[in-house]
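Line order of the protein sequences matches chains U and H. Quick note: the first sequence, position 51, residue 50 per numbering that gives the first Met the number 0, numbers continuous. Quick note: the second sequence, position 259, residue 258 per numbering that gives the first Met the number 0, numbers continuous. From the three backbone atoms N, C-alpha and C, an ideal C-beta is built for every residue, glycine too. Quick caveat, the model's predicted, so the values are computed rather than measured.
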Amino acid sequence: MFLINCPYCGERDQSEFTAGGEAHIVRPKQPTELSDDQWAEFLFMRKNIKGVQLERWNHAHGCRKWFNMVRDTSNDKIHAVYKMGEKPPIK
Amino acid sequence: MSKNLRITNNKFIDQTSRISFKFDGKTLYGFKGDTLASALLANNIHLVGRSFKYHRPRGIMACGSEEPNAIVQVGNDASMTEPNTRATEIELYEGLEASSQNCWPSVNFDIGAINNFFSPLIPAAFYYKTFMWPANFWKLYEYFIRKSAGLGKSPTEPDKDIYDHRYLHCDVLVVGGGVSGIMAAKTAAKNKLNTVLIDDKNILGGTTLFQKNECFKINNSYSSDWLKKEIETLNSLKNLTIKTRTSLAAYHSYNYLLARENLTDHLCLNEKKDKIRQRLWKIRAKKVVIATGAMERPLIFNNNDRPGIILSSSIKKYIDYYGVKCGQKVSLFTNNDSAYETAISLNNNGVIVNSVIDIRDKTNSLIVKQAEKLGIKIHWKSSVVNTNGYKKINSIEIMKLSDNGTAVVGKKIKEECDCLAISGGWTPRVHLFTQSGGKLKFRNEDNVFLPDKTDLDQISIGSCNGDFELDEVIENSVNLINKFLKVNNNDYVNLEIISSKEIDKKNIWLLPSDKPLGKTKPFLDFQNDSTANDVKLALREGFKSIEHVKRYTTTGMATDQGKLSNMHALGIIAETAGVKMGELGTTTFRPPYTPLTFGAIVGRNIGEFFDITRRTPMHDWHVEKKAEFENVGQWKRAWYYPINNENMNEAVQRESKAARDSAGILDASTLGKIDIQGSDTSEFLNRVYTNAWSKLEIGKCRYGLMLNEDGMVYDDGVTTRLSENHYLMTTTTGGAANVLSKLEDYLQTEWPELDVYLTSVTDHYGTVSICGPNSKKILSKVIPDLDLSDKEFPHMSFKNALIDNIKCRVMRISFTGEHSYEINIQSSYAKSVWEKCFDAGKEFNITPYGTETMHLLRAEKGFIIAGQDTDGTMTPVDLQMDWIISKKKYDFIGKRSLYRSDTIREDRKQLVGLLTEDPKEILEEGAQIVAETNKQPIEMLGHVTSSYFSPNLNKSIALAVVKNGKKLKGQKMFVPMKDKTISVTITDTVFLDKENKRLNA
Ligand SMILES: [Zn+2]
């Protein structure tokens, strides 16, 4: 059970959050111009990394804000959290 | 009570307060402080159960949570009885009733024991293999396997006990109250750290508490006396909370731990009453100190499972702590020094010690010399090759070990005994460490897995960290604690410690016998009854991974998770497969460390507190009218309102007819309502719905369909433009929360530039829906000054109004196809408005209807219910709702997916109507649809999604999804049922009023 540092509220129990999958997948601005394969790349393909991954989280039972997290999926270590629109604090 | 088994000079057991209890129906006596196991042993009862597979007699083997055999059923009340409890952990109380498990009909005469004679026929994975024999055979086995498998009885009535959950936050959590745990807790608390010390026993001190041996002294006192003084000093520490009878169940990431505190299990029946039985602590600790100690290993040799064969350290605890002699003539079998402590304790308490059988060649440690000085006979370099005695051990057979330890040689010596102590060395309790994600390392010298790497702020100290000698335990623990807490506690630096040190180590995982292996029964997992032979068989059959061998042989899969068996299983696998143990890895220990009751897990979240129940403002009215309720998500919705013993079908038929003939009233308060404001709202709606929203005028309503990005229908509902930049969106009852969070997601992450604000107002408004040809007349009575003419107030429009001076919003929208209105008003007024409408409608026979009638009425009109007629695989095109997809809009959520190669396939399942050949025949929802009847196998073309008997059309109607259904209109299909085949025709989805005349009736 993680202890997550919501960028708006501070440290809260994991049970207040929902996970939203891989971060920084931008919705194409002009979907109609994409081929089936390109659209499928956006729609279905996720990296599912074992190791440090950038992912989306929502403080669903708190401030309801979405934010991003740098988490190592191999040991669940959360290296950083950052707001939507910000650059990941580590590479 | 057999007086001669209880010694009297004992400080831990209160021998003045006698306690009566029942075991297997027989009344027995023990003392306050006893466990059920110690009291049984004091009564000379060893046989407490039958083994799982062979139903061999089994006795108490340990004194703590690792006990594999003494698994008993406690209590005989149908609501309170509890199976699978360990007799070694049950504190004795007046009135305790317990019985053996896994024996039928009784522990002394057991039908299943016949398995023992057939055991060559019950190899590893016997149960799995029976599944593969001819199916008919299984029916024969099943009865006997189920009946004789045992595993206790579940309670048949709800648990009357009270359970509780609480949170606990601390700087330091110390798990285990032995020597090292106590030093850690004291150091932390003295340094102003908020500290919690938990221990699963009723008293702190661990095994050192009763150590009175010249070979283990601290500052010239017995180690036990020194420790007692340390424990006394804990009371003065303000920052320290001590919780006894509290066992740590689970250790999760981020130092989140679950501990179960037993509050009343040790109390007598009338003291337990009305008190909380167990409390589950949800602990978040900044730092965790694991000081859980070590478990003694058994030895694996032929017939090592007879009652009376007990772990050596447990025998020591029974005599030194409980004052109970496990036998009168005891032999000891060991590969290490610790059995000598037991031998000396027994000897000092007047028990005849036959001999110590030690597999080592010879050793000269302090403790061994002490034993020799007391005249205790030692068989060096020897092994027990067999034991005798059916319900209790009566003799052992001893032989010399060959030089390489793989065989026994020479003459066999028989030794009479009534108890055999066994010690195979020690296994650090690393369970919690591994549960927390810690990685282990292997120490070859004494074959132990030790804590290695962890990502959490934790340490393991004492014997769970591989320190087995008293001086090392103290010195290493002190250093580790100081470093871990970044403090400098000097309390323990200048101690004068005497500690016997083990000099020689030797280990043989599977001890040789004079008989061939196949003719012996060397048990590994006592609870699941698997032997070393089973593990070897699994390896011969090609299993290589420890996880596979474990599952195939079920070794380590019982309720004790193989606490005693895992190391030997690994050792034997490594030896047989010729690999190093360290490379083999170990199996995963999963929480809980010891089984938790369901009561502790659910705590107070039972009955009405199991989940939130949401009730509409008009709920009481529905109850008064004897409505039946349906659960829709967390909501209680009126389902139908039976009158005069009507059944559901009769009520729904009456309600449906009344709604179309005159007037119906529905509580629609549960529909999700999202208040949307902001200057970009119309653009936002354009992006989230499939249809166009830019031209929606103020005061108008529009139906919208929402897709997922994959093009599949997600939710639907009507959105009303209340003013320039103010909209009210409705969603399905079940979809409300998900829609809001999905919209928030897009707003916050994809389109942060949009000026749009979302607020859930579902609970803020009650919604009264009136429908039917007389709805206009009724509303005009309720709100006389509202112009209800079609010109002023047409279908799909909205008006602000006042009812008794209270503001409300009236929408003219319809989910039934009838002329209808929805009044939205602050929840607190909703019930009175509902009653007002009902009273106004009385002259028109206004009929309250529930969700079932609502579903029927909309099905007559072919309106979908998202989630019933759709299942996440239906596009709007599949639903024949092409009209709602805007051709002009550049983009909306899911648009691009509507022309992926898969979504433009013509043979997708599509929504159609179905009419049965016999109009009285009602299809079953979920029934499959086929095109032919005389072919097997036959392709399933689709299934029925909604089906009703329509009283307004006087025939059965259904909606269905059928492959390529749009093109099959007019075609005959079949719905095969268990006892008949129903002929149906594919039709349009709209059954009633195709021209929508009724909307303006
Ligand atoms: Zn927050």
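Would you check if the distance between the CB atom of Val1002 (chain H) and the CB atom of Asn346 (chain H) is smaller than 8 angstroms? In this structure chain H extends from 0 to 1000, so residue 1002 (chain H) is not present and cannot be described.
Pair every Cβ in the segment 688–705 of chain H with every Cβ in the segment 876–891 of chain H, then say whether three or more of these pairs are closer than 8 angstroms. The segment 688–705 of chain H is in contact with the segment 876–891 of chain H.
Does the beta carbon of Gly19 (chain U) fall short of 7 angstroms from some heavy atom of ligand 1? In terms of side-chain proximity, the C-beta atom of Gly19 (chain U) is found no nearer than 7 angstroms to any non-hydrogen atom of ligand 1.
Does Gly436 (chain H) come within less than 8 angstroms of chain U when only Cβ atoms are used? Yes, Gly436 (chain H) lies at the interface with chain U (some Cβ there is under 8 angstroms from its Cβ).
How would you label Lys82 (chain U), buried or exposed, when you count the other beta carbons within 10 angstroms and need 16 or more for buried? Around the beta carbon of Lys82 (chain U), fewer than 16 other beta carbons sit within 10 angstroms, so the residue counts as exposed.
Can you list the residues of chain U that Asp454 (chain H) reaches, using a CB-CB cut of under 7 angstroms? The contact set of Asp454 (chain H) on chain U, defined by CB atoms closer than 7 angstroms, consists of Asn74, Lys76 in chain order.
Boundaries of the alpha helix (DSSP H) in which Thr852 (chain H) is found, first to last residue: According to the DSSP assignment, Thr852 (chain H) belongs to the alpha helix (DSSP H) that extends over 850–859.
How should Pro515 (chain H) be labelled, buried or exposed, when 16 other C-beta atoms within 10 angstroms of its C-beta is the threshold for buried? A residue is called buried once 16 or more other Cβ atoms fall within 10 Å of its Cβ, and Pro515 (chain H), having fewer, is exposed.
Thr341 (chain H) versus Gly424 (chain H) - alpha carbon distance: Thr341 (chain H) and Gly424 (chain H) have their C-alpha atoms roughly 13 angstroms apart.
Taking the straight line between their C-alpha atoms, what separation do you get for Ser147 (chain H) and Arg5 (chain H)? Residue placement at Ser147 (chain H) is flagged as unreliable, the pLDDT there being 48, under the threshold of 50; a coordinate-derived value is accordingly withheld.
Should Tyr92 (chain H) be counted as a contact of ligand 1 given a C-beta to heavy atom distance under 7 angstroms? No, the Cβ of Tyr92 (chain H) stays beyond 7 angstroms of every heavy atom of ligand 1.
Chain-ordered neighbours of Lys64 (chain U) on chain H, where CB pairs are closer than 8 angstroms: Neighbours of Lys64 (chain U) on chain H, chain order: Gln747.
Compare the C-beta of Ile48 (chain U) with all C-beta atoms of chain H and state if any pair is closer than 8 angstroms. Taking CB atoms only, Ile48 (chain U) has no neighbour in chain H less than 8 angstroms away.
Give the range of the beta strand (DSSP E) segment to which Asn487 (chain H) is assigned. Looking at the DSSP string, Asn487 (chain H) is not in any beta strand (DSSP E), and its letter there is neither H nor E.
DSSP beta-bridge partners for Asp714 (chain H)? Within the DSSP secondary-structure output, Asp714 (chain H) pairs in a beta bridge with H:Met705.
Can the beta-carbon of Gly19 (chain U) be found closer than 8 angstroms to that of Arg55 (chain U)? Taking 8 angstroms as the cut-off, the Cβ atoms of Gly19 (chain U) and Arg55 (chain U) count as close.
Minimum length 4: unbroken alpha helix (DSSP H) runs contained in the segment 16–42 of chain U: The qualifying runs are 35–42.
Do Phe973 (chain H) and Val943 (chain H) have their C-beta atoms closer together than 8 angstroms? Between Phe973 (chain H) and Val943 (chain H), the CB-CB gap reaches or exceeds 8 angstroms.
Beta-carbon within less than 6 angstroms of Ala188 (chain H)'s beta-carbon, same chain only, minus the 5 sequence neighbours each way: which residues are those? Thr194, Leu236, Asn238, Leu239.
Cβ-heavy atom distance, Cys8 (chain U) to ligand 1, below 7 angstroms: Taking the Cβ of Cys8 (chain U) as the reference point, at least one heavy atom of ligand 1 falls within a distance shorter than 7 angstroms.
Would you please verify whether the beta carbon of Gly84 (chain U) is less than 8 angstroms from any beta carbon of chain H? Yes - at least one Cβ of chain H is within 8 angstroms of the one on Gly84 (chain U).
Which residues in chain H have a C-beta closer than 8 angstroms to the C-beta of Met0 (chain U)? List them in chain order. Contact of Met0 (chain U) with chain H by beta-carbon distance below 8 angstroms involves His251, Ser252, Tyr253, Tyr255.
Residue nearest to Thr87 (chain H) in terms of C-alpha spacing, selected from H:Lys200, H:Gly177, H:Arg811, H:Met182: Answer by Cα proximity: H:Lys200.
Considering only residues of the same chain and omitting the five flanking positions on each side of Leu479 (chain H), which have a CB-CB separation below 6 angstroms? Within its own chain, the residues whose Cβ lies closer than 6 angstroms to the Cβ of Leu479 (chain H), once the five positions on either side in sequence are excluded, are Ile458, Ile460, listed in chain order.
Label Ile697 (chain H) either buried or exposed according to how many other C-beta atoms from any shown protein chain fall within 10 Å of its C-beta, with 16 as the threshold for buried. Under this definition Ile697 (chain H) is an exposed residue.
Find out if the Cβ-Cβ distance for the pair Phe525 (chain H), Asp198 (chain H) is shorter than 8 angstroms. Pairing Phe525 (chain H) with Asp198 (chain H) gives a Cβ-Cβ distance that is not under 8 angstroms.
Applying the criterion that 16 or more other CB atoms from any shown protein chain within 10 Å of the CB defines a buried residue, is Gln37 (chain U) buried or exposed? Answer is exposed; the Cβ neighbour count stays below 16.
At least three beta-carbon pairs within less than 8 angstroms, the segment 660–674 of chain H to the segment 711–728 of chain H: In short, these stretches touch, since the Cβ pair count reaches three.
Return helix, strand or coil for Asp13 (chain H), following the three-state DSSP convention. In the three-state reduction of the DSSP assignment, Asp13 (chain H) falls in the strand class.
Are any of the Cβ atoms in chain H nearer than 8 angstroms to that of Arg11 (chain U)? So no, Arg11 (chain U) is outside the interface.
Please go through the segment 354–411 of chain H and give each complete alpha helix (DSSP H) segment of 4 or more residues, from N-terminal end onward. Listed in chain order, the complete alpha helix (DSSP H) runs (minimum 4 residues) inside the segment 354–411 of chain H are 365–372.
I need the DSSP call for Asp304 (chain H), collapsed to helix, strand or coil. Looking at Asp304 (chain H) - three-state DSSP - the assignment turns out to be coil, as it is neither helix nor strand.
DSSP-derived helix/strand/coil call for Cys836 (chain H): Three-state DSSP puts Cys836 (chain H) in a helix.
Here's the rule: buried if 16 or more other CB atoms are within 10 angstroms of the residue's CB, otherwise exposed. What is Met810 (chain H)? Only buried fits Met810 (chain H), as 16 or more other CB atoms lie within 10 angstroms of its CB.
Please report the distance separating the alpha-carbon of Met0 (chain H) from that of Phe1 (chain U). Unreliable positioning characterises Met0 (chain H) in this predicted model, as indicated by a pLDDT of 44, which lies under 50. The coordinate reading is nonetheless provided below. Approximately 53 angstroms between the Cα atoms of the pair.
Limits of the unbroken alpha helix (DSSP H) element including Gly180 (chain H): Counting along the chain, the alpha helix (DSSP H) containing Gly180 (chain H) begins and ends at 178–189.
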